[in-house]
Amino acid sequence: MNGAADTAAQRLGAELAGQGWGIDHAFLPASLVAALRSRIGELDAAGAFRPAAVGAGAARAVRPAVRGDRLCWLEPPATADERLFLGRIEALRLALNGRLQLGLFDFECQYAIYGPGARYARHLDRSPAGAERVVSVVAYLNDGWTAADRGELQLYVDSDRVTVAPAGGTLVIFESARFEHEVCPASRERFSIAGWYRRRARVPAPV
Ligand code: OGA
Ligand code: MN
262 MNGAADTAAQ RLGAELAGQG WGIDHAFLPA SLVAALRSRI GELDAAGAFR
312 PAAVGAGAAR AVRPAVRGDR LCWLEPPATA DERLFLGRIE ALRLALNGRL
362 QLGLFDFECQ YAIYGPGARY ARHLDRSPAG AERVVSVVAY LNDGWTAADR
412 GELQLYVDSD RVTVAPAGGT LVIFESARFE HEVCPASRER FSIAGWYRRR
462 ARVPAPV
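Position in the sequence shown (from 1) plus 261 gives the number in the working numbering.
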């Protein structure tokens, strides 16, 4: 990892340790943001995106009023650009583990497209079904985002809110079990990669 990226990872680690969340407004270079967005275009043209569902078990359903994005898992074989992205995420994982002893052992992520007006209502990423998710990670892939475009991530921190604009290159991380958050509707298409650093699933104790 180069010096600048190393410093950024250390800073994110310090923020996560101190307050449970952290933001880097320049985690990804513009060239990688553009490449990943064009990858989304290819995958979408190939029909790889599916409407996101909410709820668990028999209640699982697509409910656009609650969650209106479309998703595609970022899975092997990854492209060269995806490997670059995953390499930075891996370097950050090592930095977080070195500082926090979180036992983060892997990362899963998906591309998300929110059409104009689509939202994701206030929620927590750690459901009983997703108990291995320890740290949520969102990377934004939008060029020239302005405040008028809306589409903010609102993170509920104590009685306050932290507002994150989905500007290309920005990365936000937060403790999955601790912070409810929501995606506000945007006036234009909104692209991101949402993922989770996970710990190992608990093996039931022997009886
Ligand atoms: C999610 C999520 C936030 C965002 O995918 O679970 O909360 O800003 N995404 O896209
Ligand atoms: Mn979420």
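All residues carry an ideal CB built from backbone N, CA and C; glycine is no exception.
Measuring from the CB of D330, is there a heavy atom of the ligand MN at a distance below 6 angstroms?
Translated into the one-based positions of the sequence shown, residue 330 becomes position 69. Because no heavy atom of the ligand MN lies under 6 angstroms away, the Cβ of D330 does not count as near it: no.
Just grab the DSSP bridge partners of P312 for me.
In the sequence shown, the residue the question calls residue 312 occupies position 51. R331.
When you measure from the CB of D419 to every non-hydrogen atom of the ligand MN, does any distance come out below 6 angstroms?
Indexing the sequence shown from 1 puts residue 419 at position 158. Flag unset: Cβ of D419 not near the ligand MN.
Is it the case that the Cβ atoms of L402 and H442 are separated by a distance below 7 angstroms?
Taking the sequence shown and counting its residues from 1, the one referred to as residue 402 is at position 141. Taking the sequence shown and counting its residues from 1, the one referred to as residue 442 is at position 181. No, the Cβ-Cβ distance between L402 and H442 is not below 7 angstroms.
For the ligand OGA, is there any heavy atom lying closer than 6 angstroms to the beta carbon of V423?
Position 162 of the sequence shown, counted from the first residue, corresponds to residue 423. Not so, every heavy atom of the ligand OGA lies at least 6 angstroms from the Cβ.
Are V399 and Y458 close, meaning C-beta to C-beta below 7 angstroms?
By 1-based counting over the sequence shown, the position of residue 399 is 138. By 1-based counting over the sequence shown, the position of residue 458 is 197. No, the pair does not count as a contact, with Cβ atoms beyond the cut-off.
DSSP on R451, reduced to helix/strand/coil?
The residue you call residue 451 lines up with position 190 of the sequence shown. In the structure shown, R451 sits in a strand (DSSP, three-state: E or B).
Would you list the residues sitting across from A432 in a DSSP beta bridge?
As a first step, residue 432 must be located in the sequence shown, where it is residue number 171. The amino acid occupying residue 432 in the given sequence is Leu; Ala does not appear at that position. Partner(s): D285 and A400.
Using only CA atoms, which one of L297, H384 and D421 lies nearest to R328?
In the sequence shown, residue 328 corresponds to position 67, counting from 1. Among L297, H384 and D421, the Cα nearest to that of R328 is on H384.
Since F366 is in the beta strand (DSSP E), which residue starts that stretch and which ends it?
Translated into the one-based positions of the sequence shown, residue 366 becomes position 105. Where F366 is concerned, there is no enclosing beta strand (DSSP E), given that its DSSP letter is neither H nor E.
With 16 other CB atoms within 10 Å as the buried threshold, where does A270 fall?
Within the sequence shown, the letter at position 9 stands for residue 270. Buried, because 16 or more other Cβ atoms sit within 10 Å of the Cβ of A270.
Would you list the residues sitting across from G456 in a DSSP beta bridge?
Your numbering for residue 456 matches position 195 in the sequence shown. DSSP, once it has assigned bridges, lists C370 and V398 as partnering G456.
Give the DSSP-derived three-state secondary structure of A317 in the structure shown.
Walking along the sequence shown from the start, residue 317 turns up at place 56. Reduced to three states, the DSSP call for A317 is coil.
Quick check on the burial criterion: 16 or more other C-beta atoms within 10 angstroms. Buried or exposed for D285?
Translated into positions along the sequence shown, residue 285 becomes position 24. Buried, because 16 or more other Cβ atoms sit within 10 Å of the Cβ of D285.
What's the gap between the Cα of L332 and the Cα of T407?
Against the sequence shown, residue 332 aligns to sequence position 71. Against the sequence shown, residue 407 aligns to sequence position 146. The alpha-carbon atoms of L332 and T407 are separated by roughly 24 angstroms.
For the ligand OGA, is there any heavy atom lying closer than 6 angstroms to the beta carbon of D386?
Residue 386 sits at position 125 when you count from the first residue of the sequence shown. Indeed, a heavy atom of the ligand OGA lies less than 6 angstroms from the Cβ.
Check D386 in the structure and name its three-state DSSP category.
The sequence position of residue 386 within the sequence shown is 125, counting from 1. Here D386 sits in coil by DSSP.
Alpha carbon to alpha carbon, what distance is there between A373 and C455?
Within the sequence shown, residue 455 is the residue found at index 194, counting from 1. Within the sequence shown, residue 373 is the residue found at index 112, counting from 1. Reading off the sequence, residue 455 comes out as Ala, not Cys. One C-alpha to the other measures close to 7 angstroms.
With a threshold of 16 other CB atoms inside 10 Å of the CB of F346, please say whether the residue is buried or exposed.
Locating residue 346 in the sequence shown gives position 85, counting from the first residue. Classification for F346: buried.
For E443, list the residues DSSP reports as bridge partners.
Stepping through the sequence shown from its first residue, residue 443 is reached at position 182. Answer is Q415, bridged to E443.
By the 10 Å Cβ neighbour count, where 16 or more other Cβ atoms means buried, how is Q371 classified, buried or exposed?
As a working mapping, residue 371 is identified with position 110 in the sequence shown. So Q371 ends up on the buried side.
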